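The structure under discussion appears below in the form of structure tokens.
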Amino acid sequence: MKRDFLKIYDFKKQEVYKIFDTTKYFKSLRKEKKITDNLKNLSIGLLFSKPSTRTRISFEVAIYELGGNPVYLPFQTTQISRGESIKDTAKVISRYLDGIIIRTYSQGELEEFAKYSEIPVINALTDLYHPVQILCDLFTIYEKKGSLNNLKITYIGDGNNVCNSLIEGCDLLGIEIRISCPEEYMPDRKVIENIKNKNLLKISSNPEEFIEDADVIYTDTWVSMGDEKETERRIKIFKKYQVNKDLLKNAKKDFLFMHCLPAHRGQEVTDEIIDGPNSIVFDQAENRLHCQKSILAFLFSSISY
Ligand code: CP
Ligand code: NVA
727 MKRDFLKIYD FKKQEVYKIF DTTKYFKSLR KEKKITDNLK NLSIGLLFSK PSTRTRISFE
787 VAIYELGGNP VYLPFQTTQI SRGESIKDTA KVISRYLDGI IIRTYSQGEL EEFAKYSEIP
847 VINALTDLYH PVQILCDLFT IYEKKGSLNN LKITYIGDGN NVCNSLIEGC DLLGIEIRIS
907 CPEEYMPDRK VIENIKNKNL LKISSNPEEF IEDADVIYTD TWVSMGDEKE TERRIKIFKK
967 YQVNKDLLKN AKKDFLFMHC LPAHRGQEVT DEIIDGPNSI VFDQAENRLH CQKSILAFLF
1027 SSISY
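Under our numbering, the residues of the sequence shown are numbered 727 to 1031, in order.
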């Protein structure tokens, strides 16, 4: 039976820890320049309808270093861009490829693809979720702190795809998560309604509320891909949510600053924070490669040819 990864809840808590253990293993192997054969003879497609630097490159390299064959499929070059249905495309692609990684706008379309696909589908970002990002980020926190117990994570800014998956990731692993967003840019209502650990989620529109005791302070762009028409309006509304020295003046000395990148320096974060001693953004970006290898190895371990 194929396994998809379309949202955080597609994994169980113990599976996530298994993926983290394997991530450590892949990270140490890479230092020795060793590659493996977890994806030997497998071709994995990357169907992207939005730009990407980290996700595309780290997945392509991960597939190669696991012995597989990455096939990059820009959406505009496929017949979907001329109206071929998702259903037919999913059925056809399943005859050529062994897995598919998709970055698109609608989570509904991604789920429709997965419904008709006979091969595992991985969500590489939709407007609603960015689950691979968050799984990799939780690994980075685990690696830096040694444990995910008794941590407090604060997310400041837009209640977007990254924020929605962060809420679900913290819910799955039992981590306290506090969100500061403007009233009109709160996280998805259904995401909030569906979380199990309601006591671990706090939400406020005051950017200063969850700074003092935060172990991790996370932000993301105010203008996600697809929101560009609202840029001017958003920049005005989000101004007081900028992560800067003044906002963080009462933060713990050893807090970790995280950002999924790309950053819009001078908007959601200032240079002194993203380049400062608490920032782990480049380690966070590097871990995308190691953790995604582990996700791929996990999803494809049940397939035998
Ligand atoms: N963080 C992230 O997903 O970056 P890209 O858009 O460059 O893939
Ligand atoms: N929220 C951002 C994340 C980019 C990696 C976006 O969707 O554009």
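Even for Gly, the Cβ is constructed at its ideal location relative to N, Cα and C. Since the structure is predicted, the reported quantities are computational estimates derived from the model, not experimental observations.
Is the closest heavy atom of the ligand NVA to the C-beta of residue i under 6 Å?
i      : result
SER950 : yes
CYS986 : yes
THR945 : no
ASN887 : yes
Between residue i and residue j, which are expected to be in contact by the criterion C-beta below 8 Å, what is the C-beta distance as a whole number of angstroms?
i       : j       : result
PHE981  : ASN1004 : 6 Å
PHE1008 : GLY825  : Contact flag wrong, Cβ pair sits at about 28 Å.
SER1020 : THR749  : 4 Å
SER769  : LEU732  : No, SER769 and LEU732 are not in contact; Cβ-Cβ is about 21 Å, not under 8 Å.
LYS928  : PHE936  : 7 Å
ILE893  : ILE901  : That belief does not hold up - the Cβ atoms of ILE893 and ILE901 are roughly 10 Å apart, past 8 Å.
Per DSSP, which one or two residues make a beta bridge with residue i?
i      : result
TYR881 : ILE905, TYR944
HIS985 : THR945
PRO913 : In the DSSP output, where bridge partners are listed per residue, PRO913 has none listed.
SER811 : SER811 pairs with nothing; no bridge assigned.
GLY825 : ILE770
ARG991 : VAL995
PRO800 : PHE774
Leaving out the 5 sequence neighbours to the left and right, which residues in its chain are closer than 7 Å to residue i when beta-carbon positions are compared?
i      : result
GLY883 : CYS907, THR945, ASP946, TRP948, PHE964, TYR967, GLU994
ASN886 : ASP946, SER950
Return the chain-ordered list of same chain residues with a C-beta closer than 6 Å to the C-beta of residue i, the five sequence neighbours on each side being excluded.
i      : result
SER843 : ALA816, SER820
THR781 : ALA850
ASN795 : SER769
For residue i, verify whether its CB is less than 6 Å away from any heavy atom of the ligand CP.
i      : result
ARG780 : yes
Using the three-state DSSP reduction, which class does residue i fall into: helix, strand or coil?
i       : result
LYS978  : coil
ILE1029 : Unreliable positioning characterises ILE1029 in this predicted model, as indicated by a pLDDT of 45, which lies under 50. A coordinate reading is not provided.
GLY895  : helix
ASN795  : strand
SER820  : helix
ARG1093 : This structure gives no information on residue 1093, because the portion of the chain shown stretches from 727 to 1031.
SER778  : coil
PRO846  : coil
LYS739  : helix
ILE1021 : helix
PHE731  : strand
LYS922  : coil
Grab me the residues of residue i's own chain with a C-beta within less than 8 Å of its C-beta, minus the 5 sequence neighbours each way, in chain order.
i      : result
ILE999 : VAL969, ASN970, LYS971, LEU974, PHE983, SER1005
ALA989 : THR947, VAL995, ILE1000, VAL1007
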